[in-house]
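Single-structure report; data block below.
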Amino acid sequence: MNLDDVRRRQAEIKAELKSKRADLDAGRISAKSFGDFIDSAYAESQQLESLQYRFQKAGQVMGAQEAAFGGELETKAFRGEPKPPTPMDITPVQLQALEMAANARMPFQLEIGAKGGGVEQAWMAGITTKSAVFESNISGGLSGNLPAIQTPYAVGLGYEPTRIAALLPGASMPGPSAAWLSHTANTAEAAGVAEGGTKGDIGPTITENQVKPQKIAGLVSTSLEAWQDTSAYGEAALSSWLPQELTRSLINSESAFLLTATTGSSNSYGGPTNATFNGLLMQSGTLSRAVGSDTPLDAMNKAYIDVRTGSAYAEPDLVIMHPATWGALRREKSSFGTYILDQETGPLGLTADGSPASAGPAAEPNPFSIIKQGTPAVYGSLWGVKVAATTQCPAGTAIVMSVKAGGGIFWTRLGILLQFNPWGDAEWTTNTFSWRVEERVALSVPRPSALNIVTGLPAS
0 MNLDDVRRRQ AEIKAELKSK RADLDAGRIS AKSFGDFIDS AYAESQQLES
50 LQYRFQKAGQ VMGAQEAAFG GELETKAFRG EPKPPTPMDI TPVQLQALEM
100 AANARMPFQL EIGAKGGGVE QAWMAGITTK SAVFESNISG GLSGNLPAIQ
150 TPYAVGLGYE PTRIAALLPG ASMPGPSAAW LSHTANTAEA AGVAEGGTKG
200 DIGPTITENQ VKPQKIAGLV STSLEAWQDT SAYGEAALSS WLPQELTRSL
250 INSESAFLLT ATTGSSNSYG GPTNATFNGL LMQSGTLSRA VGSDTPLDAM
300 NKAYIDVRTG SAYAEPDLVI MHPATWGALR REKSSFGTYI LDQETGPLGL
350 TADGSPASAG PAAEPNPFSI IKQGTPAVYG SLWGVKVAAT TQCPAGTAIV
400 MSVKAGGGIF WTRLGILLQF NPWGDAEWTT NTFSWRVEER VALSVPRPSA
450 LNIVTGLPAS
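Numbering follows numbering that gives the first Met the number 0, in which position 154 of the sequence shown is assigned residue number 153; successive positions increment by one, without gaps.
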């Protein structure tokens, strides 16, 4: 979309508003329909005004640049312009602050400002400079000089938007670990007793369980030059963009731990090893079901019944599977060639992955052109149970679980902690800035039989 498109669409909205008003006056549409149109038109107009402002600002910058461009520009770069600063340009206030920092053995930073009034020398007469680089000849990069003109947009690294922790109940871990008691068996059950008879003891078996937090952490660094040169790049300013990307990496790893981590030294799913807890797919004592000769939909139905009739005696309330597997189940057809699940959703209500039908292309991309992590992950339902799709669950495998019966609890000992340090040993010697992010979390499955791992489902 360019500026002409924006103006054209603004004119169309005005015409549509006039037409809708006429329809309302003539009784062809209701007041509610007219109000809904007004709300929609207002929202779109706000977006168009924002786009128009951006296009106009960009045009002003490029217009000024192109007007000044004529091959090589005969600039007066050394006539009255600032001269290079020297240590003698330190102000008394800066000098005093530097002395105080040295006495206190504290890190300190100051920037010596440039002074105006440069004097032109004879050798300067032949020096010319070029116009800033145009979009048709963009050069530079983070390893060299950055472009002088840059859009305020940036594209972040894509990560799986479904956050597993958001699907589970959360609990705070007030100490170095969390423990709980489980009643796992009885030696006898309550029974009928004759008058005056001896009552039997059920002899409960009580076990103690414990889970310890797992630290998940990472670093990201940038040079002083990249920090400074991107400061006016809007979304692409590394000082604010990099810590966001680092935090997104942490959340992505967190979900991998919750699904496939193992306390052992090897992992059949390729997930984290030597963790302090086992992920949902690596729990011992869970139920399991292979598709075998059943159809995939029949196998899933039986997996639900397994949870209901097993020792958990629970109704499943969540299914986690790969989007490709969920898509394959949604494409299951009857002998007549019709989509089976379409009968549940109604005519034309069956979407590819269960997400709501698209209302059309977006007016503008999301910030950083990403789908935010923690975006609602439930895509429809299967046999009355909500389905969450994530690419971090192996294709062909589904987790049928009853969260309410103890299928999983997400523990937090230390929430996401983001720290910044420009004064570390390596940062000081290499002139870089560094961020650190970390958290200490854990997963417990109080009742493993509330989980049923289904394998052999379609993987594509």
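In this text, a Cβ means the ideal position worked out from N, Cα and C, and glycines have one as well.
Legend entry - Beta-bridge pairing of residue 443 - partner residues as DSSP gives them: 408
Inset, instruction - Flag this pair as yes or no: are the beta carbons of residue 266 and residue 272 separated by less than 8 Å? - result: yes
Legend entry - Enclosing alpha helix (DSSP H) for residue 224 [first to last residue]: 223-228
Legend entry - Helix, strand or coil at residue 185 [DSSP, three-state]: Strand.
Inset, instruction - Identify every run of the beta strand (DSSP E) within the stretch 361-411, keeping only runs that are complete inside it and at least 3 residues long; order them along the chain. - result: 377-381, 384-388 and 397-400
Inset, instruction - Take residue 9 and list the residues in its own chain whose beta-carbon comes closer than 6 Å to its own, dropping the five residues that flank it on each side. - result: Taken in chain order, the residues that qualify are 47.
Inset, instruction - Compare the beta carbon distance of residue 399 and residue 453 with 8 Å and say whether it is the shorter of the two. - result: Between residue 399 and residue 453, the C-beta spacing is below 8 Å.
Inset, instruction - Look at the alpha carbon of residue 413 and the alpha carbon of residue 425, and state the distance between them as a whole number of angstroms. - result: 26 Å
Legend entry - Burial state of residue 419 (16 or more Cβ within 10 Å): exposed
Inset, instruction - Confirm, please, whether the CB-CB distance from residue 50 to residue 282 is below 8 Å. - result: no
Inset, instruction - From the DSSP output, in three-state form, read off residue 436 for me. - result: strand
Legend entry - Backbone CA spacing between residue 378 and residue 421 [nearest angstrom]: Going by the C-alpha atoms only, they are around 43 Å apart.
Legend entry - Beta-carbon contacts of residue 5 that lie in its chain and below 7 Å, excluding the five residues immediately before and after: 47, 50, 51 and 54
Legend entry - the stretch 334-341 touching the stretch 401-417, judged by at least three CB pairs closer than 8 Å: no
Legend entry - Nonlocal neighbours in the same chain, by C-beta distance under 8 Å from residue 290, ignoring five residues either side: 298, 453, 454, 455 and 456
Inset, instruction - Please report how far the alpha carbon of residue 178 lies from the alpha carbon of residue 417, in whole angstroms. - result: 28 Å
Inset, instruction - To the nearest angstrom, report how far apart residue 329 and residue 335 are at their CA atoms. - result: 16 Å
Inset, instruction - Please determine if the stretch 146-160 and the stretch 232-242 are in contact, where contact requires at least 3 C-beta pairs separated by less than 8 Å. - result: yes
Inset, instruction - For residue 171, write down the residues that DSSP places opposite it in a beta bridge. - result: DSSP, once it has assigned bridges, lists 411 as partnering residue 171.
Legend entry - Bridge partners - residue 419, DSSP secondary structure assignment: In DSSP, residue 419 forms a bridge with 434.
Inset, instruction - Just the C-alpha distance for residue 277 and residue 154, rounded to the nearest angstrom, thanks. - result: If you take the alpha carbons of residue 277 and residue 154, they lie about 34 Å apart.
Inset, instruction - Please indicate yes or no: does the CB of residue 238 lie closer than 7 Å to some heavy atom of the ligand HEM? - result: Among the components modelled here there is no ligand, and therefore nothing to report on the ligand HEM.
Inset, instruction - Indicate the three-state DSSP secondary structure (helix, strand or coil) for residue 19 in the structure shown. - result: Three-state DSSP puts residue 19 in a helix.
Inset, instruction - Determine, using beta carbons only, whether residue 286 and residue 305 come nearer to each other than 8 Å. - result: yes
Legend entry - For residue 429, three-class secondary structure by DSSP: helix
Inset, instruction - Have a look at the DSSP bridge pairing and note the partners of residue 179. - result: According to DSSP, which records beta bridges pairwise, residue 179 is partnered with 208.
Inset, instruction - Identify which residue in 18, 44, 188 and 432 has its Cα closest to the Cα of residue 7. - result: It is 44.
Legend entry - Own chain, CB closer than 7 Å to residue 16, minus 5 neighbours either side, in chain order: 40
Legend entry - At least 3 beta-carbon pairs within less than 8 Å: the stretch 431-441 vs the stretch 222-230: With the cut-off at 8 Å, the stretch 431-441 and the stretch 222-230 touch.
Inset, instruction - Return the Cβ separation of residue 460 and residue 382 in integer angstroms, given the expectation that the two are a contact with Cβ distance under 8 Å. - result: Nothing about residue 460 can be reported from this structure: the residues present for the chain run from 0 to 459 only.
Inset, instruction - Please classify residue 203: does DSSP put it in a helix, a strand, or coil? - result: strand
Inset, instruction - Could you tell me which residues DSSP pairs with residue 216 in its beta bridges? - result: 437
Legend entry - Run of the beta strand (DSSP E) containing residue 281, from where it starts to where it stops: No beta strand (DSSP E) holds residue 281; DSSP gives it neither H nor E.
Inset, instruction - Please name the residue in 372, 33, 18 and 362 whose C-alpha comes closest to that of residue 245. - result: Check the Cα spacing between residue 245 and each of 372, 33, 18 and 362: the tightest is with 372.
Legend entry - Reduced DSSP category for residue 287 - H, G, I as helix; E, B as strand; rest coil: Three-state DSSP puts residue 287 in a strand.
Inset, instruction - Note down, in chain order, each residue of its chain lying with its Cβ closer than 8 Å to the Cβ of residue 20, except the 5 sequence neighbours on either side. - result: 33
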